[in-house]
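Going by the working numbering, the first residue of the sequence shown is number 242, and it counts up by one from there. Structure record follows, encoded as structure tokens.
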Amino acid sequence: MSYNKPEKDFGEGPKIHKIRITLTSRKVQSLEKVCQELIDRAKSKDLRVKGPVRLPTKKLKVTTRKTPCGEGSKTWDTYEMRIHKRLIDLNAPTEVVKQIIINIEAGVEVEVTIAA
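Here it is in structure tokens:
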């Protein structure tokens, strides 16, 4: 009888996904700050990072009359809201992405999309 060592099953490591993080905000400074923090955290964990990709700014305009009654000179006010958007692509396990995304500044919306 020969003694054979049982083969060790190391299992599979954490599965790496292609992850796209979409950041949206009305304030450019806070958006850029969050982008830089996310990229720094990802690079500290030795992840492959692409971005930030700056998408075109959406400008939403509303034009209204200044006077509520409708009489008088026809003067108008224009209000504008600018929405800025950034994309960051990562190749990482989902657990690591959860750690990276924690503690994001208020006023910045985050959308995470996982592919393959």
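Every residue gets a Cβ at the ideal spot worked out from N, C-alpha and C, and that includes glycine.
Please give me, in chain order, every unbroken run of the alpha helix (DSSP H) with length at least 4 that falls completely inside the stretch 318 to 342.
335 to 342, all fully within the stretch 318 to 342.
Does the distance from the C-beta atom of Arg327 to that of Leu264 stay below 7 Å?
Along the sequence shown, read from residue 1 onward, the residue named residue 327 stands at position 86. Along the sequence shown, read from residue 1 onward, the residue named residue 264 stands at position 23. Yes, these two residues count as a Cβ contact at 7 Å.
Less than 6 Å between C-beta atoms, sequence neighbours within five positions excluded: which residues of the same chain meet that for Lys291?
Looking up residue 291 in the sequence shown gives position 50. Here the set comprises Asp330.
What is the rounded straight-line gap between the Cα of Ile260 and the Cα of Pro334?
What you label residue 260 is simply residue 19 of the sequence shown in a count that begins at 1. What you label residue 334 is simply residue 93 of the sequence shown in a count that begins at 1. Taking the straight line joining both Cα atoms gives about 9 Å.
Hey, is Ala283's beta-carbon within less than 7 Å of any beta-carbon in chain D?
Here chain D cannot be found, since the structure has a single protein chain.
Helix, strand or coil: how does DSSP classify Arg282 here?
Locating residue 282 in the sequence shown gives position 41, where the first residue counts as 1. Looking at Arg282 - three-state DSSP - the assignment turns out to be helix.
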